[in-house]
Amino acid sequence: MNPDASSQALEISLSAARPRTKPATSELEEQVIALFDELRARLLRYVLGFGLSTADGEEIVQEAFLALFQHLRLGRSRHNLRGWLFRVVHNLSLKRLAKNGRCAEVPGLDGGIAESRHDPRPNPEEHATSRQRRERLLAVVQALPAQDQQCLRLRAEGLRYREIADVLGMSLGSISASLTRSLARLGRADGR
Amino acid sequence: MSEKYTHPSEEELLQLADGELSSHRAAAVQSHLASCWECRARQQQIEATIADFVRAHHETLDPLLPPGAGPRALLRARLAESAAASMREGNWFSSWQRVFTARTLAYASAAFLIALLATLGFYRALKPHPNARVHLEPDHRLTPGAARVVSASEVCHVSYSDDARLVPAAVQHQVLQEYGVDSAQSPGYELDYLISPQLGGTDDIRNVWPEPESATGWNVRAKDALEGRLHQLVCDGKINLATAQQDLATDWISAYKRYFHTDKPLAPL
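Here the protein sequences line up with chains A and B, keeping their order.
Counting from 9, one number per residue, gives the positions in the first sequence under our numbering.
Counting from 150, one number per residue, gives the positions in the second sequence under our numbering.
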């Protein structure tokens with residue numbers, strides 16, 4: 009999906025729905041569900057990138073949308089709700105990681121998930137090389153500083169630099185520097 | 150092209166592709182790219198790396214994403230619940246807000262709390278209360294249930310008597326007195342263990358109560374049947390001993406319905 013188009017659509021749908029008075033609760037519920045449909049997979053992938061389990065991820069995403077519902081019920085700002093949700097999910101993920109005690113293994117590197125995944129391509133050689141490339145790339149991502157990883161994953165989920173800066177509390181300039189640095193490393197690992 | 154236009158940096162190439170460059174600078178870089186094959190190739194390399202990363206990102210994580218229908222339904226239910234809860238709170242607060250200022254509300258709550266504590270204390274002082282009605286479930290304040298420290302394998306290999314009439318006479322007397330049961334009336338009741346000895350219950354006064362003979366069939370026999378079933382489930386390893394004890398101590402009739410899948414006590418075999 010084109011992130012620009014979706015972010016524009018989001019802004020438009022929200023500003024069109026923006027009422028003068030607080031909207032009815034059922035209307036808010038529908039808006040929250042619509043955002044959930046649009047953003048659940050992206051938010052969940054972002055949580056999983058921290059090495060948290062799917063169960064933790066689902067819980068964190070639910071909590072974030074309940075918080076969003078309260079936020080909207082209280083008539084608070086509707087500006088950039090997508091960035092708001094990612095920020096809440098980011099903070100809840102860090103909290104959960106601290107509670108779990110340590111960073112769990114990020115999927116893909118230990119081979120468990122990569123091995124068990126069904127790959128429909130018939131050619132085993134091609135299969136092996138593409139899997140090796142993927143694992144090499146993921147190894148490079150994992151070796152990046154945590155903030156660079158988060159930056160890259162947020163960008164991959166369609167966030168603009170301004171939104172990433174809000175989520176991570178960084179300046180706009182450091183976002184583009186971080187992304188450039190990460191892509192250069194990935195490019196070298198990929199033999200590009 | 151004049152040499153004063155230096156090649157754009159990697160960062161600028163990325164910013165251009167991401168639409169994050171100022172329009173003035175974007176135009177300059179675009180025009181440079183139109184003339185410079187080298188920079189176009191660099192830009193394409195960046196795009197190819199992005200494509201590789203995005204593919205790896207999705208291939209690794211997407212298989213882990215469960216279908217969204219369940220979580221969506223759960224969220225819907227939780228939103229409705231949350232809305233209903235704050236609606237109740239809101240209504241309660243706004244209607245009382247008109248009557249009380251915050252300060253009088255604080256006094257009122259304090260007074261209410263004191264009254265509540267006093268009532269509770271008074272109620273406790275009342276026991277044993279002579280007019281107590283004996284229900285199918287014991288009074289949990291008087292008979293919370295008591296069990297000894299015992300393992301599941303022990304209760305499965307040793308047999309215990311379930312006859313509560315064997316509890317010491319002094320304890321029997323005290324139990325009847327606590328429940329306000331006349332000894333004259335006693336034939337209508339049968340002393341029973343709340344947690345049966347075969348599941349670790351003791352003959353402590355907290356674990357013995359007069360169980361009424363009831364026309365509804367919720368009586369000592371039904372409870373014995375439940376105890377037998379729980380004992381079997383524990384020894385088969387289907388439930389743990391603590392669960393069985395908890396089931397008996399909190400609400401044995403619901404436990405019976407659950408474990409026998411019935412709403413009525415089954416006819417004795």
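Ideal placement from N, C-alpha and C gives every residue a C-beta, glycine not left out.
Taken in chain order, the members of the region 214-233 of chain B whose beta-carbon sits within less than 8 Å of a beta-carbon on chain A are LEU214, PRO215, GLY217, PRO220, ARG221, LEU223, LEU224, ARG225, ARG227, LEU228, ALA229, SER231 and ALA232.
Among the CB atoms of chain B, none fall inside 7 Å of the CB of SER186 (chain A). Taking all protein chains in view, the Cβ of GLU165 (chain A) is crowded by 16 or more other Cβ atoms within 10 Å, so the residue is classified as buried. Straight-line spacing of the CA atoms in HIS181 (chain B) and TYR54 (chain A) works out to 36 Å. Taking the C-beta atoms as reference points, VAL304 (chain B) is found no nearer than 7 Å to GLY337 (chain B). With respect to the 7 Å criterion, LEU382 (chain B) and ILE388 (chain B) are classified as neighbours on the basis of their beta carbons. Residue environment for VAL203 (chain B): exposed (fewer than 16 other C-beta atoms within 10 angstroms of its C-beta). Buried is the label assigned to HIS206 (chain B), since at least 16 other Cβ atoms lie within 10 Å of its Cβ.
Between GLN158 (chain A) and LEU180 (chain A), the C-beta spacing is not below 7 Å. Leaving aside the five residues that flank ILE402 (chain B) on each side, the residues in its chain whose CB is nearer than 7 Å to its CB run, in chain order, LEU285, GLU286 and TRP367.
Proximity of the region 185-200 of chain B to the region 32-50 of chain A falls short of the contact definition, fewer than three beta-carbon pairs being nearer than 8 Å. Contacts with chain A at 7 Å (Cβ-Cβ) do not include VAL178 (chain B). Straight-line spacing of the CA atoms in ASP353 (chain B) and ASP331 (chain B) works out to 21 Å.
Residue contact check for ARG144 (chain A) against chain B: no CB pair falls below 7 Å. Any Cβ of chain B closer than 7 Å to the Cβ of ASP64 (chain A) would place that residue at the interface, and such an atom is absent. Chain order gives the chain B residues near ASP198 (chain A) as ALA197, THR198, ASP201 and PHE202, where near means a beta carbon separation below 9 Å. Close partners of GLU169 (chain B) in chain A (Cβ separation under 7 Å): TYR169 and SER184. None of the residues of the region 86-98 of chain A has a beta carbon lying less than 8 Å from any beta carbon of chain B. The straight-line gap separating the alpha-carbon atoms of ARG139 (chain A) and ARG193 (chain A) is approximately 19 Å. At the C-beta level, LEU56 (chain A) and LEU210 (chain B) come within 7 Å of one another. Cβ contact annotation for SER186 (chain A) (same chain, cutoff 8 Å, sequence separation greater than five): GLN155, ASP156, CYS159, LEU160 and MET178, in chain order.
Proximity of GLU37 (chain A) to chain B, defined by a Cβ-Cβ separation below 7 Å, is satisfied. For GLU208 (chain B), no beta strand (DSSP E) run applies; the uninterrupted alpha helix (DSSP H) run containing it begins and ends at 186-210, by DSSP. For LEU285 (chain B), no Cβ of chain A is located within less than 7 Å of the residue's own Cβ.
By a beta-carbon distance limit of 8 Å, LEU390 (chain B) contacts ALA301 (chain B). Their separation comes to about 5 Å.
Per DSSP, the beta bridge partners of ASP341 (chain B) are B:TRP358. Rounded to whole angstroms, LEU165 (chain B) and ALA197 (chain A) show a C-alpha spacing of 23 Å.
Within a 10 Å sphere around the beta-carbon of LYS372 (chain B) sit 16 or more other beta-carbons, which makes this residue buried.
Listed in chain order, the non-local C-beta contacts of ALA173 (chain A) below 6 Å within the same chain comprise LEU180 and ILE183, local neighbours out to five positions each way being set aside. A distance of 7 Å or more separates the beta carbons of THR188 (chain A) and GLU208 (chain B).
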